[in-house]
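**Q** Sharing a structure here in structure tokens format.
Residue numbers (this note's numbering): 2 to 152.
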């Protein structure tokens, strides 16, 4: 499951590698027995993880909103989508290319998950931030992102 290999000419494999980086966040097969056990035996652990992720999600959503992003709230993932247009950035891909230089933080434009030119219009304005990080990492990212709106 999500684990495999590809063989072929270098120019063909380059295309596979370019697409593959967006297909899975992590390979899951080694974790399946542990997840099956957890689903049957580890409700308190799963509830604590859920609660911790909700705190991280809500904290990042609040911070992004305070910075000036329009945040699209999520309920079933560890990513938040945000629109940087209120901060003066019209294109999410350009925003994501510039963000590491301006703030030392990375985000992914949602349009990257579509065929070139095939993203729905709404996706062309959204970027994705992960909140499945250590608290210190999130706090530092928020501090760095605050330079986008110095007011």
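Beta carbons: idealized from backbone N, C-alpha and C, even for Gly.
For residue 15, count the other beta carbons within 10 Å of its own beta carbon; 16 or more makes it buried, fewer makes it exposed. Which is it?
**A** exposed
**Q** Just how far apart, CA to CA, sit residue 33 and residue 39?
**A** 10 Å
**Q** Quick one: what does DSSP say residue 101 is sitting in, helix, strand or coil?
**A** helix
**Q** In whole angstroms, give me the CA-to-CA distance for residue 149 and residue 103.
**A** Spanning the two alpha carbons is a distance of roughly 8 Å.
**Q** Between the Cα of residue 137 and the Cα atoms of 61, 49 and 48, which residue gives the shortest distance?
**A** Cα-wise, what sits closest to residue 137 is 61.
**Q** Taking the DSSP output, what are the residues bridged to residue 156?
**A** Lying before the first or after the last residue shown, residue 156 is absent from the chain, which here runs from 2 to 152.
**Q** Are the Cβ atoms of residue 132 and residue 57 separated by less than 8 Å?
**A** yes
**Q** Our contact map puts residue 93 next to residue 101 with C-beta atoms below 8 Å; I'd like the distance itself, whole angstroms only.
**A** Their Cβ separation, rounded to whole angstroms, is 14 Å, which puts residue 93 and residue 101 out of contact at 8 Å.
**Q** Roughly how many angstroms lie between the CA atoms of residue 106 and residue 147, to the nearest whole one?
**A** 11 Å
**Q** Give the straight-line distance between the Cα atoms of residue 117 and residue 31, rounded to the nearest whole angstrom.
**A** 33 Å
**Q** Is residue 133 close to chain C? Criterion is C-beta to C-beta, closer than 8 Å.
**A** Of the protein chains in this structure there is only one, and it is not chain C.
**Q** Is residue 66 close to the ligand MN? I mean its beta-carbon at under 7 Å from any heavy atom of the ligand.
**A** The ligand MN is absent from the structure shown, which contains no ligands of any kind.
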